[in-house]
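Chemist: Each number in the numbering used here corresponds to the 1-based position in the sequence shown with 637 added.
For each residue, glycine too, the CB sits at the ideal point set by N, CA and C.
The model shown is predicted, which means the values in this text are computed figures rather than measured ones.
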Amino acid sequence: MRNKQAKRETIDALNLMICHADKGPSGFWTDDHEGCGNPAIFPEFEDGLKHGRLVQKKHDLCPWNTAILYGAGHGNIETGCYHSCSIDRARYLSEQEIKEVLVRFKTRFENGYYEHVDHLMPLLTGNESTLIEQRILSKQLEDERCDELRRQDRLKKASALIKKYPDKEDLLAVYYGEKACVDEVDEEDGLIFFAPDSRNDVVGAENMSYDEYLDVQLASLGHAYRSGFVNGIFHYLLEFKGQIERVNARYICFKRIFISGMYPDGEMFEGTEDHVWMDKSGFESFTAGDSVAFGAEVYRYVKTGNGKWIDYGLRNPTGIQKIEAYELPSDDELIMQEVRRTICETCFLSEQCNHTFCLMDPKKKRSLEREMFDMIKAGTDKETQK
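(1) Touch check for the segment 939 to 956 and the segment 859 to 877: three-plus C-beta pairs under 8 Å?
(2) Could you tell me which residues DSSP pairs with M905 in its beta bridges?
(3) With a threshold of 16 other CB atoms inside 10 Å of the CB of M638, please say whether the residue is buried or exposed.
(4) Considering only residues of the same chain and omitting the five flanking positions on each side of I947, which have a CB-CB separation below 6 Å?
(5) Take the Cβ of E843 as the centre, count every other Cβ of all protein chains shown within 10 Å, and call the residue buried at 16 or more, exposed below.
(6) Between E1006 and M997, what straight-line distance do the alpha-carbon atoms span, to the nearest angstrom?
(7) Which residue comes first and which comes last in the beta strand (DSSP E) that contains L584?
(8) I need the straight-line Cα distance from R791 to L706, nearest angstrom please.
(9) For L874 and D969, I'd like the C-alpha separation in whole angstroms.
(10) Could you tell me whether the segment 884 to 893 touches the segment 916 to 926, using the rule of 3 or more Cβ pairs below 8 Å?
(11) Determine, using beta carbons only, whether G898 and V929 come nearer to each other than 8 Å.
(12) Measuring CA to CA, which of K687, G689, D668, K694 is closest to F679?
(13) Taking Cβ to Cβ, would you say F665 is nearer than 8 Å to N675?
(14) According to DSSP, is A930 part of a helix, a strand, or is it coil?
(15) Excluding the 5 residues flanking S721 on each side, which residues of the same chain have their C-beta closer than 8 Å to its C-beta?
(16) So what does DSSP say about M1012, is it helix, strand or coil?
(17) Do the CB positions of H860 and C890 come within less than 8 Å of each other?
(18) If you compare alpha carbons, which of K687, I648, P803, P901 is closest to R741?
(19) Suppose you measure from the CA of G932 to the CA of F871; what does that come to, to the nearest Å?
(20) Smallest Cα separation from D916: which of L686, Y888, V839, R745?
(21) Is there at least one non-hydrogen atom of the ligand COA closer than 7 Å to the beta-carbon of R645?
(22) Could you give the residue range of the beta strand (DSSP E) that holds K959?
(23) Could you round the C-beta distance between M758 and G814 to whole angstroms and report it? I think they count as a contact, below 8 Å.
(24) Please classify V811: does DSSP put it in a helix, a strand, or coil?
(25) Would you identify the three-state DSSP class for G865, choosing helix, strand or coil?
(26) For N580 and D697, which I take to be in contact (beta-carbon distance under 8 Å), what is that distance rounded to the nearest angstrom?
(27) Can you tell which of E765, Y802, D826, A795 has its C-alpha closest to the C-alpha of V811?
(28) Under 8 Å between the Cβ atoms of P662 and I769?
(29) Work out the CA separation of E934 and T909 for me, nearest whole Å.
(30) Can you tell me where the alpha helix (DSSP H) holding F877 begins and where it ends?
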């Protein structure tokens, strides 16, 4: 016997859904623009949408469960809404059709039909199912038509760039004017930020036209750039360490900077960049030979010289402090650190391991480390030679 309180609350919710069928279907939960709760019907869901909080109405069953809508063999009534939901398909129903489906569900629900779920008959009629599929197809065709119109519009606006970079026509047809960032375009090294406003964040590009901004980015593909700093654009760079090599009236230079950072999921990463110049502001009390640790902001700038291209630098240092002479790990040491981390994360003994004393056979582990190191090293050397 299903919970009587949950059953009453479900019926109360269904009555509201039926009365407000003109506002579309609604489910029973929402969380930061996800879920199915419709605030036009249940205002309490507005809080979840605004603040990213889980808001859930107590209920027994949901009419938009796939197994309920389409019958036995389509979804699972016991797995709940998240794993078996068809509300996106229900949104293709008209106001009157939504009302009829909800009334039908309410009648079955009150009569105890869903107490035994071994052989569920579809809640949707054959005609309703057909109409949904027809409307989905019609929407897809309309979306394709609109996409093609937008594509043609982008091609027209990007015509000058396409003339200069004909091999980038497909790229520009998709992204010109869009809020997107494309990585490793056509297997070339580099990033392209297509959002028009993004040029305001690039030192030296503030007064460029949009086409000029894209031009300098396209011309940058294949140029060496500070890829170790790129993670600071998308992730968290926690600290930089390095020894000051040179100091002049306006700038200081680090022979090598060691980078430590963190991905959004909490996983740490490391990297290095060589021969890094920074504004002297904040470092006035330091001299060549001093080792320092600090935080800083990664920024993009237009590098000039033999043409123009985009590179990455550090600015606005914070928390600068002198540290003991710091010997930066070599590239080989960084590769080996990554190898050991990967072996540890993928080890078949991880469930028995306390991550203090390794359970793997030492000889096998050393052999695996060397094999993986050699493979990565060979690939790194090959890339360096290009």
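Modeler: Short version:
(1) yes
(2) M899
(3) Reliability of the predicted coordinates at M638 is poor, the pLDDT of 44 falling under 50, and the value obtained from them is presented with this limitation in mind. When all chains shown are included, M638 counts as exposed.
(4) Q854, S857, R937
(5) exposed
(6) 12 Å
(7) Residue 584 is absent from the model: the chain starts at 638 and stops at 1023.
(8) 41 Å
(9) 22 Å
(10) yes
(11) no
(12) K694
(13) no
(14) strand
(15) N702, T703, A704, G712, N713, I714
(16) helix
(17) no
(18) I648
(19) 16 Å
(20) Y888
(21) What this structure holds is no ligand at all, so the ligand COA is not there to describe.
(22) 944 to 960
(23) With 8 Å as the limit, M758 and G814 do not qualify as a contact, their Cβ atoms being about 50 Å apart.
(24) helix
(25) helix
(26) Any question about residue 580 goes unanswered here, given that the chain covers just 638 to 1023.
(27) A795
(28) no
(29) 16 Å
(30) Looking at the DSSP string, F877 is not in any alpha helix (DSSP H); the run it does join, the beta strand (DSSP E), is 873 to 884.
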